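Colleague: Protein chains in written order, with this note's numbering: chain A, 223 to 550; chain B, 223 to 550.
The C-beta atom is built at its ideal place from N, Cα and C for all residues, glycine as well.
Keep in mind that this is a model prediction, so the values were computed, not measured.
Have a look at this one:
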């Protein structure tokens, strides 16, 4: 009996989930749900079907875990509680500031329906959060630092694209090596936004656009760029396509802490990711937690969970005996 | 109400646990139990007392969690099941091959007594094991690599000390940078023991000992050195004391894996530790899991657990609400 998975929303993340399921023999993709006309959506998995989202309630008893692949801004705040009234669900809600509110909404829906909802699964929030928690619990007298990149920030790329005269753009967030080194030295430096990350932009202009004016507009954009050292490169559409079509990302969670009766010893705990494909890695984390959702449900649990609430063994296809013998 | 901790065995690890308790305001050290004459054991915590291990049963209702700080070779296989009949316990049993057997023994004792026993807590087994599990669950199509060091191997240092003519010795395990780089490149190399680690030995000779013969004996010692490139330095007792009295350690768990419909994307997940004091870091992990043991016990759970079985939130002094708001 395989774990039957549904996907709601078939963009980069939905396709990533589909690929991740293929690597996990205890799971199968049953159906993809879309707001588009299903006839126009072609998926990779031959054995699965594409349905319109309006038919999703018909699948209540045919899907074990529904993976929600919409965006955090407007899709998930509505979809996750709604779907948790019918399905065990996993989402990757990543608006950090609104997690407590989202948790409560999903928890209320899932408690009422007796379903499991796991929210904010991915790498940040997700694997990075786990590493912040573990390291801070082990080294309470310390400080942690999160660096992102080198990688593509969708939000910053979009912000540039909204500028008049910009045809297309890609923005890379780049951690500053000297800041990483200072943190790794155990000196617990105070670091501003500008100290930690550079922003590098590759911009394709509309014909006749004023490059100098656009560069100035990018560099002074509040919240997005004004607090950072930003470089802007103007390139052709062909170059953008050729050199910047990937979606790499990654980053570092580093905690340095002291132990000893007089805090005489320093320890550095570092977790890092180097990802060729941000959405595919996020999807891979989601699928491991889909397994956990299924197992928690089998135990009769319900309500909203995060990565903090789930024992690691639930993620692995191996039995507890195998895990102890092979991985401990 | 603080969590009342007892320590059984007051060597490097026991002292490390004592220091870790000082950093966690929700815990207090109540008593240290020793096989030595308690009058000869002086501890750092003014408010705690030293007792002989033969009196430990009198403390059944006065200690919430007993930390077992004996060795894995002969102490813990006996002590952990025995103590689990009276106390919630945490140990750092690290003989990987015997973990399944140790688990069963502790589980039987703890199930009978209704206590919690958490075994094999530290960094390997422990934090490294967690990272092997998480990374392999997320990237099933991949391979993981564990490197140790640079750090002092107690077992290898002891092996040198047993050679006739050796007065004292310290052995460092050193990961080979080119092997680390090959793994980080995502090429999934096949690596022998010799490819992964160097062994560097600092040896103090007895007067009149034959250096050449001892060097040969070290380098050809089966299991310990024969399968590695080993360098031997003969130094004075003063130099050993001055330059090699610390107990640093650390290492790397790296998993590289592929995702995508045709495995076209590579991801590198890396966890590393750089520790000034191996026993103090191990103790710090143990104390976080002592908090988990206490909370699991309050929920009425019993039996043997490992780091795989415990949701991360149990380790932190923060509430679930605080964790979601601050760390997710």
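Using a Cβ-Cβ cutoff of less than 7 Å, which residues in the same chain neighbour residue 479 (chain B) once the five nearest sequence positions on both sides are dropped?
Modeller: The residues are 361, 363, 364, 489.
Colleague: Which residues of the region 522-547 of chain B have a Cβ closer than 8 Å to any Cβ of chain A? Give them in chain order.
Modeller: Cβ contacts with chain A come from 528, 529, 530, 531, 532, 533, 534, 535, 537, 538, 539, 542, 543, 545, 546, 547.
Colleague: Going by DSSP in three states, residue 348 (chain A) sits in which element: helix, strand or coil?
Modeller: Reduced to three states, the DSSP call for residue 348 (chain A) is strand.
Colleague: Within 8 Å (strictly less), CB to CB, does residue 399 (chain A) reach chain B?
Modeller: Answer no: the Cβ-Cβ gap between residue 399 (chain A) and chain B never drops below 8 Å.
Colleague: The region 449-465 of chain A: which residues have C-beta closer than 8 Å to a C-beta of chain B, in chain order?
Modeller: Against chain B - using a Cβ distance shorter than 8 Å - the region 449-465 of chain A contributes no residues.
Colleague: Can you look up residue 370 (chain A) in the DSSP assignment and give me helix, strand or coil?
Modeller: Looking at residue 370 (chain A) - three-state DSSP - the assignment turns out to be strand.
Colleague: Is the shortest distance between the beta-carbon of residue 477 (chain B) and the beta-carbons of chain A less than 8 Å?
Modeller: Not one chain A Cβ lies under 8 Å of residue 477 (chain B).
Colleague: Using the Cα positions of residue 463 (chain B) and residue 448 (chain A), report the straight-line distance between them to the nearest angstrom.
Modeller: One C-alpha to the other measures close to 53 Å.
Colleague: Check this for me: beta carbons of residue 366 (chain B) and residue 384 (chain B), under 8 Å apart or not?
Modeller: No, the Cβ-Cβ distance between residue 366 (chain B) and residue 384 (chain B) is not below 8 Å.
Colleague: Could you pull out every residue in the same chain whose Cβ sits closer than 7 Å to the Cβ of residue 270 (chain A), ignoring the five residues on either side in sequence?
Modeller: Excluding positions up to five away in sequence, the list reads 251, 252, 253, 254.
Colleague: Given a limit of 8 Å on CB to CB distance, which residues of the region 301-324 of chain A reach chain B?
Modeller: Listed in sequence order: 318, 321, 322.
Colleague: Using a C-beta cutoff of 8 Å, does residue 286 (chain B) count as contacting chain A?
Modeller: No, because no Cβ of chain A sits closer than 8 Å to the Cβ of residue 286 (chain B).
Colleague: Below 8 Å on the Cβ atoms is my guess for residue 397 (chain B) versus residue 371 (chain B); work out the distance and round it to an integer in Å.
Modeller: Contact holds; Cβ gap of about 5 Å.
Colleague: Measure the C-alpha to C-alpha separation of residue 441 (chain B) and residue 414 (chain B) and round it to an integer number of angstroms.
Modeller: Cα-Cα distance, rounded: 17 Å.
Colleague: With a Cβ-Cβ cutoff of 8 Å, do residue 328 (chain B) and residue 306 (chain B) count as a contact?
Modeller: Cβ atoms of residue 328 (chain B) and residue 306 (chain B): closer than 8 Å.
Colleague: Would residue 403 (chain B) be called buried (16 or more neighbouring beta carbons within 10 Å of its own) or exposed?
Modeller: Exposed, because fewer than 16 other Cβ atoms sit within 10 Å of the Cβ of residue 403 (chain B).
Colleague: Using alpha carbons as the reference points, say which of A:392, A:525, A:325 lies closest to residue 468 (chain A).
Modeller: The option with the nearest alpha carbon to residue 468 (chain A) is A:392.
Colleague: Quick one: any contact between the region 316-333 of chain A and the region 451-465 of chain A, if contact means 3 or more CB pairs under 8 Å?
Modeller: Result no; under three Cβ-Cβ pairs closer than 8 Å.
Colleague: Since residue 325 (chain B) is in the alpha helix (DSSP H), which residue starts that stretch and which ends it?
Modeller: Per DSSP, residue 325 (chain B) belongs to the alpha helix (DSSP H) from 321-335.
Colleague: Give the single residue among B:542, B:528, B:310 whose Cα lies nearest to the Cα of residue 346 (chain B).
Modeller: Checking every option, the nearest Cα to that of residue 346 (chain B) belongs to B:528.
Colleague: Do residue 482 (chain B) and residue 314 (chain A) have their beta-carbon atoms positioned less than 8 Å apart in this structure?
Modeller: Cβ distance not < 8 Å, so residue 314 (chain A) and residue 482 (chain B) don't count as in contact.
Colleague: On the premise that residue 475 (chain A) lies in contact with residue 493 (chain A), defined as a C-beta separation below 8 Å, what is that separation, rounded to the nearest angstrom?
Modeller: Rounded, the Cβ-Cβ distance is 5 Å, consistent with contact.
Colleague: Helix, strand or coil: which one does DSSP assign to residue 263 (chain B)?
Modeller: Looking at residue 263 (chain B) - three-state DSSP - the assignment turns out to be coil, as it is neither helix nor strand.
Colleague: Using DSSP's beta-bridge definition, name the partner residues of residue 394 (chain B).
Modeller: Its beta-bridge partners are B:374, B:422.
Colleague: Quick check: is the beta carbon of residue 390 (chain B) nearer than 8 Å to any beta carbon in chain A?
Modeller: No, its Cβ sits nowhere closer than 8 Å to a Cβ of chain A.
Colleague: Does DSSP put residue 238 (chain B) in a helix, a strand or coil?
Modeller: The answer is helix: DSSP assigns residue 238 (chain B) an H, G or I state.
Colleague: If you draw a straight line from the alpha carbon of residue 279 (chain B) to that of residue 341 (chain B), how long is it in whole angstroms?
Modeller: In a straight line, the C-alpha of residue 279 (chain B) is about 21 Å away from that of residue 341 (chain B).
Colleague: Given this structure, state the Cα-to-Cα distance separating residue 276 (chain A) from residue 258 (chain A), to the nearest angstrom.
Modeller: In a straight line, the C-alpha of residue 276 (chain A) is about 11 Å away from that of residue 258 (chain A).
Colleague: Measure from the C-beta of residue 354 (chain B) to each C-beta in chain A and report whether the shortest distance is under 8 Å.
Modeller: For residue 354 (chain B), the answer is yes, since a Cβ of chain A falls inside 8 Å of its Cβ.
Colleague: When you check each C-beta in the region 492-510 of chain B against every C-beta of chain A, which residues fall closer than 9 Å?
Modeller: Listed by position along the chain: 492, 493, 494, 495, 496, 497, 498, 499, 502, 503, 505, 506, 507, 509, 510.
Colleague: Counting C-beta neighbours from all protein chains within 10 Å, is the total for residue 520 (chain B) 16 or more, i.e. buried, or is it exposed?
Modeller: So residue 520 (chain B) ends up on the exposed side.
Colleague: Smallest Cα separation from residue 265 (chain B): which of B:298, B:245, B:231, B:284?
Modeller: Closest option to residue 265 (chain B), Cα to Cα, is B:231.
Colleague: Which chain A residues are close to residue 569 (chain B), counting only those with a beta carbon under 7 Å from its beta carbon?
Modeller: Any question about residue 569 (chain B) goes unanswered here, given that chain B covers just 223 to 550.
Colleague: The alpha helix (DSSP H) spanning residue 305 (chain A) covers which residue range?
Modeller: Where residue 305 (chain A) is concerned, the enclosing alpha helix (DSSP H) stretches over 297-306.
Colleague: When burial is assigned at 16 or more other CB atoms within 10 Å of the CB, is residue 380 (chain B) buried or exposed?
Modeller: Exposed, because fewer than 16 other Cβ atoms sit within 10 Å of the Cβ of residue 380 (chain B).
Colleague: Considering only C-alpha positions, which residue in the set B:418, B:486, B:459 is nearest to residue 428 (chain B)?
Modeller: Checking every option, the nearest Cα to that of residue 428 (chain B) belongs to B:459.
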